[in-house]
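Below is one structure, written out as structure tokens, with a few remarks after it.
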Amino acid sequence: MKEVLEIMIKNLVDNADAVSIKELNGEKSVVYEVKVAEDDMGKVIGKQGRVARAVRAIMKSVASKENKKVTIEFIN
């Protein structure tokens, strides 16, 4: 799952080298902490959070196939 998220985020930003994703596994849940360069944060969140919601929806679909819940946090 982390690879899917990483591919999506790196394709959204200008500075792909600054992307880091930390994975925190629980029993039935996974939390991803996504860090990007400050200049790219707006691109990842999008207007009114549309891009962030789309990324979360895609990851929720991927996680449901593994019977897990996923949370994505975008961190500066």
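The numbering of the sequence shown is my numbering, which starts it at 0 and goes up by one.
Glycine included, every Cβ here is placed at the ideal spot set by N, Cα and C.
Flag this pair as yes or no: are the beta carbons of residue i and residue j separated by less than 8 Å?
i, j, result
"Ala36", "Asn10", "no"
"Met0", "Ala51", "no"
Tell me which residue opens and which closes the beta strand (DSSP E) that residue i is part of.
i, result
"Lys68", "68-74"
What residue range is occupied by the uninterrupted alpha helix (DSSP H) comprising residue i?
i, result
"Val3", "1-11"
"Lys59", "49-63"
Given a threshold of 16 other Cβ atoms within 10 Å of its Cβ, counted over all protein chains shown, does residue i qualify as buried or as exposed?
i, result
"Ile74", "exposed"
Is any heavy atom in the ligand GTP found nearer than 7 Å to the beta carbon of residue i?
i, result
"Arg52", "Absence of the ligand GTP from the depicted structure is noted, as is the absence of any ligand whatsoever, leaving it without description."
Does DSSP put residue i in a helix, a strand or coil?
i, result
"Lys42", "helix"
"Lys21", "strand"
"Glu37", "helix"
Next item on the list: Decide yes or no for the touch test of the segment 21-41 against the segment 61-69: beta carbon pairs closer than 8 Å, at least 3 of them.
Entry: yes
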